[in-house]
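Remarks on the structure that follows.
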Amino acid sequence: MDHAYWGQEYDADAIMAALAESGLASKLVDDDSKLIELTIDRLTSGKVVGWFQGRFEWGPRALGNRSIIADPRRGDMKDIVNNKIKFREPFRPFAPSVLAEELPKYFDVPDAGFDMPNRFMLLVVPVNAEHAGTIPAVNHMGTARPQAVHKETNSLYYNLIERFRVASGVPLILNTSFNVRGEPIVNSPENAINTFLNSGIDTLVMGNYLVDKP
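In this text, residue positions in the sequence shown follow the numbering used here: the first is 0, and each later residue adds one.
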(Lines of atoms letter the chains of each structure in order from A; the text may use other names.)
(Lines give C-alpha, C1' and ligand atoms only; values in the text may rest on other atoms or scores of the structure.)
Protein backbone atom coordinates (compact mmCIF):
# COMPACT_ATOMS: atom_id res chain seq x y z
CA MET A 0 0.00 0.00 0.00
CA ASP A 1 1.60 3.27 -1.09
CA HIS A 2 -1.07 5.75 0.05
CA ALA A 3 -3.91 6.13 2.57
CA TYR A 4 -6.54 7.82 0.40
CA TRP A 5 -9.23 5.16 0.79
CA GLY A 6 -12.03 7.18 2.41
CA GLN A 7 -15.15 8.77 1.00
CA GLU A 8 -14.99 11.34 -1.80
CA TYR A 9 -17.46 14.15 -2.49
CA ASP A 10 -18.12 15.44 -5.99
CA ALA A 11 -18.50 19.05 -7.12
CA ASP A 12 -22.28 18.92 -6.74
CA ALA A 13 -22.03 17.89 -3.08
CA ILE A 14 -19.50 20.64 -2.39
CA MET A 15 -21.59 23.25 -4.20
CA ALA A 16 -24.73 22.21 -2.32
CA ALA A 17 -22.98 22.45 1.06
CA LEU A 18 -21.63 25.89 0.23
CA ALA A 19 -25.04 27.08 -0.94
CA GLU A 20 -26.65 25.82 2.27
CA SER A 21 -24.03 27.65 4.35
CA GLY A 22 -24.57 30.97 2.60
CA LEU A 23 -20.83 31.43 2.11
CA ALA A 24 -19.65 33.35 -0.94
CA SER A 25 -17.36 31.11 -2.96
CA LYS A 26 -15.33 31.30 -6.14
CA LEU A 27 -15.27 28.43 -8.63
CA VAL A 28 -11.79 27.99 -10.11
CA ASP A 29 -12.03 25.32 -12.81
CA ASP A 30 -8.32 25.26 -13.63
CA ASP A 31 -6.24 23.34 -11.06
CA SER A 32 -3.14 25.37 -11.85
CA LYS A 33 -4.99 28.61 -11.15
CA LEU A 34 -6.47 27.14 -7.97
CA ILE A 35 -2.97 26.29 -6.76
CA GLU A 36 -1.72 29.77 -7.69
CA LEU A 37 -4.47 31.42 -5.65
CA THR A 38 -3.77 29.11 -2.72
CA ILE A 39 -0.05 29.90 -2.84
CA ASP A 40 -0.86 33.62 -2.84
CA ARG A 41 -2.67 33.13 0.42
CA LEU A 42 -0.04 30.91 2.02
CA THR A 43 2.81 33.27 1.21
CA SER A 44 0.84 36.21 2.60
CA GLY A 45 0.51 34.46 5.96
CA LYS A 46 -2.96 33.00 5.58
CA VAL A 47 -3.95 29.61 6.99
CA VAL A 48 -5.80 27.41 4.51
CA GLY A 49 -8.22 24.53 4.99
CA TRP A 50 -7.46 22.11 2.14
CA PHE A 51 -10.22 19.59 1.31
CA GLN A 52 -9.64 17.37 -1.72
CA GLY A 53 -10.50 13.90 -3.01
CA ARG A 54 -10.84 10.89 -0.75
CA PHE A 55 -10.15 11.35 2.93
CA GLU A 56 -7.19 9.63 4.54
CA TRP A 57 -7.85 6.28 6.22
CA GLY A 58 -5.94 6.53 9.47
CA PRO A 59 -4.85 9.01 12.13
CA ARG A 60 -2.81 11.37 9.92
CA ALA A 61 -3.90 14.12 7.56
CA LEU A 62 -1.82 13.54 4.43
CA GLY A 63 -2.92 16.33 2.13
CA ASN A 64 -6.60 15.67 1.47
CA ARG A 65 -8.10 16.82 4.78
CA SER A 66 -5.38 19.20 5.92
CA ILE A 67 -4.86 22.63 7.40
CA ILE A 68 -1.82 24.11 5.67
CA ALA A 69 0.38 27.14 6.27
CA ASP A 70 3.77 28.72 5.56
CA PRO A 71 6.51 26.90 7.56
CA ARG A 72 8.95 29.82 7.26
CA ARG A 73 7.04 32.03 9.69
CA GLY A 74 8.29 31.87 13.25
CA ASP A 75 4.88 32.82 14.60
CA MET A 76 2.87 30.35 12.55
CA LYS A 77 2.99 27.53 15.10
CA ASP A 78 1.44 29.81 17.73
CA ILE A 79 -1.14 31.14 15.28
CA VAL A 80 -2.35 27.66 14.33
CA ASN A 81 -2.25 26.29 17.87
CA ASN A 82 -4.03 29.25 19.45
CA LYS A 83 -6.51 30.43 16.83
CA ILE A 84 -7.30 27.26 14.93
CA LYS A 85 -6.49 24.06 16.82
CA PHE A 86 -7.26 25.56 20.26
CA ARG A 87 -4.54 23.51 21.94
CA GLU A 88 -1.38 23.91 24.01
CA PRO A 89 1.25 26.23 22.48
CA PHE A 90 4.07 23.67 22.69
CA ARG A 91 2.33 21.16 20.40
CA PRO A 92 4.33 20.69 17.16
CA PHE A 93 3.27 20.59 13.53
CA ALA A 94 4.49 18.35 10.75
CA PRO A 95 5.85 19.26 7.32
CA SER A 96 4.65 17.86 4.00
CA VAL A 97 7.72 17.80 1.77
CA LEU A 98 8.39 16.87 -1.84
CA ALA A 99 9.70 13.30 -1.65
CA GLU A 100 12.87 14.02 -3.59
CA GLU A 101 13.73 16.92 -1.26
CA LEU A 102 13.24 14.93 1.95
CA PRO A 103 16.93 14.06 2.61
CA LYS A 104 18.02 17.66 2.06
CA TYR A 105 15.95 18.90 4.96
CA PHE A 106 15.74 15.87 7.27
CA ASP A 107 18.13 13.20 8.51
CA VAL A 108 16.10 10.17 7.51
CA PRO A 109 17.48 6.66 8.22
CA ASP A 110 18.14 4.39 5.25
CA ALA A 111 16.10 1.54 6.72
CA GLY A 112 12.53 1.91 5.53
CA PHE A 113 13.39 5.27 3.94
CA ASP A 114 10.35 5.47 1.69
CA MET A 115 7.23 3.87 3.10
CA PRO A 116 7.18 5.18 6.71
CA ASN A 117 7.60 8.72 5.47
CA ARG A 118 4.70 8.49 3.04
CA PHE A 119 2.51 8.08 6.11
CA MET A 120 4.21 10.56 8.47
CA LEU A 121 5.40 7.83 10.85
CA LEU A 122 8.99 8.78 11.72
CA VAL A 123 10.29 11.57 13.93
CA VAL A 124 13.69 12.56 12.55
CA PRO A 125 16.28 15.31 13.05
CA VAL A 126 16.02 18.47 10.98
CA ASN A 127 19.25 19.07 9.06
CA ALA A 128 21.09 21.93 10.73
CA GLU A 129 21.56 24.01 7.58
CA HIS A 130 17.78 24.28 7.11
CA ALA A 131 16.60 24.36 10.72
CA GLY A 132 16.31 28.14 10.81
CA THR A 133 14.35 28.39 7.57
CA ILE A 134 11.38 26.27 8.68
CA PRO A 135 10.73 27.27 12.31
CA ALA A 136 7.01 26.48 12.25
CA VAL A 137 7.70 22.75 11.73
CA ASN A 138 11.01 22.50 13.60
CA HIS A 139 10.31 21.10 17.08
CA MET A 140 13.50 21.19 19.15
CA GLY A 141 15.51 20.12 16.11
CA THR A 142 13.11 17.37 15.04
CA ALA A 143 10.11 16.89 12.76
CA ARG A 144 7.74 14.17 11.60
CA PRO A 145 7.72 14.71 7.83
CA GLN A 146 5.37 13.40 5.19
CA ALA A 147 7.08 12.59 1.89
CA VAL A 148 4.68 13.59 -0.89
CA HIS A 149 4.88 11.66 -4.17
CA LYS A 150 3.39 12.96 -7.39
CA GLU A 151 2.06 9.56 -8.43
CA THR A 152 -0.11 9.21 -5.32
CA ASN A 153 -1.33 12.80 -4.82
CA SER A 154 -0.53 14.95 -7.82
CA LEU A 155 -2.59 17.98 -6.76
CA TYR A 156 -0.95 18.20 -3.33
CA TYR A 157 2.47 17.57 -4.85
CA ASN A 158 1.93 20.35 -7.39
CA LEU A 159 0.80 22.69 -4.61
CA ILE A 160 4.03 22.11 -2.68
CA GLU A 161 6.12 22.37 -5.84
CA ARG A 162 4.52 25.74 -6.60
CA PHE A 163 5.21 26.83 -3.02
CA ARG A 164 8.86 25.84 -3.58
CA VAL A 165 9.00 28.07 -6.66
CA ALA A 166 7.42 30.96 -4.76
CA SER A 167 9.39 30.63 -1.53
CA GLY A 168 12.48 28.51 -2.13
CA VAL A 169 11.23 25.97 0.44
CA PRO A 170 9.92 22.58 -0.83
CA LEU A 171 7.56 21.93 2.07
CA ILE A 172 4.53 23.31 3.88
CA LEU A 173 3.12 23.06 7.39
CA ASN A 174 0.43 20.37 7.48
CA THR A 175 -1.92 19.51 10.33
CA SER A 176 -5.20 17.64 10.45
CA PHE A 177 -8.33 19.53 9.40
CA ASN A 178 -10.06 19.64 12.77
CA VAL A 179 -10.10 21.52 16.05
CA ARG A 180 -9.29 20.12 19.45
CA GLY A 181 -11.70 17.40 20.55
CA GLU A 182 -13.17 16.87 17.07
CA PRO A 183 -12.42 14.18 14.47
CA ILE A 184 -10.77 15.07 11.18
CA VAL A 185 -13.39 16.45 8.82
CA ASN A 186 -14.92 14.07 6.33
CA SER A 187 -17.73 15.87 4.49
CA PRO A 188 -18.01 19.36 3.00
CA GLU A 189 -20.42 20.22 5.82
CA ASN A 190 -17.79 19.17 8.39
CA ALA A 191 -15.18 21.32 6.65
CA ILE A 192 -17.45 24.37 6.51
CA ASN A 193 -18.33 24.03 10.20
CA THR A 194 -14.66 23.88 11.19
CA PHE A 195 -13.84 26.79 8.88
CA LEU A 196 -16.55 28.96 10.42
CA ASN A 197 -15.69 28.05 14.01
CA SER A 198 -11.93 28.49 13.86
CA GLY A 199 -9.34 30.99 12.69
CA ILE A 200 -8.82 29.39 9.27
CA ASP A 201 -8.60 32.21 6.73
CA THR A 202 -9.37 30.41 3.47
CA LEU A 203 -11.20 27.20 2.60
CA VAL A 204 -10.36 25.33 -0.60
CA MET A 205 -12.80 22.47 -1.31
CA GLY A 206 -12.44 20.78 -4.65
CA ASN A 207 -12.28 23.68 -7.07
CA TYR A 208 -14.16 26.10 -4.83
CA LEU A 209 -12.32 28.78 -2.87
CA VAL A 210 -13.79 30.69 0.07
CA ASP A 211 -12.09 33.61 1.84
CA LYS A 212 -13.28 34.95 5.16
CA PRO A 213 -14.12 38.67 4.98
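Glycine included, each C-beta is placed from N, C-alpha and C at the ideal position.
Check: So who's on the other strand from G199, going by DSSP bridges?
Finding: DSSP lists no partner for G199.
Next item on the list: Report the rounded CA-to-CA distance for L27 versus D110, giving the unit in angstroms.
Entry: Rounded to the nearest whole angstrom, the CA to CA distance from L27 to D110 is 43 Å.
Item checked: Reduced DSSP category for Y208 - H, G, I as helix; E, B as strand; rest coil -> Y208 carries a strand assignment under DSSP once its states are collapsed to helix, strand and coil.
Notebook entry, point to check: Looking at C-alpha atoms only, which residue of R180, M76 and M120 is the closest neighbour of I134?
Noted result: The shortest CA-to-CA distance from I134 to any of R180, M76 and M120 is the one to M76.
Check: What are the start and end residues of each continuous beta strand (DSSP E) run of 3 or more residues lying completely inside the stretch 49-136, in chain order?
Finding: Counting only runs of 3 or more, we get 65-69 and 94-98.
Check: Since N174 contacts I68 with CB under 8 Å, what's their CB separation in whole angstroms?
Finding: Contact holds; Cβ gap of about 6 Å.
Item checked: A191, DSSP secondary structure in three states -> Here A191 sits in helix by DSSP.
Margin query: Would S25 and Y157 be called neighbours here (beta carbons separated by less than 7 Å)?
Written below: Not closer than 7 Å, so no.
Next item on the list: Ignoring anything shorter than 4 residues or poking outside the stretch 137-182, list the alpha helix (DSSP H) runs there in chain order.
Entry: Entirely contained in the stretch 137-182, the alpha helix (DSSP H) runs reaching 4 residues are, in chain order, 154-167.
Margin query: Using the three-state DSSP reduction, which class does L23 fall into: helix, strand or coil?
Written below: Coil at L23, not helix or strand.
Checklist line | Same chain, Cβ closer than 7 Å to G53, five either side skipped, listed in chain order | finding: Correct list, in chain order: Y4, E8 and N64.
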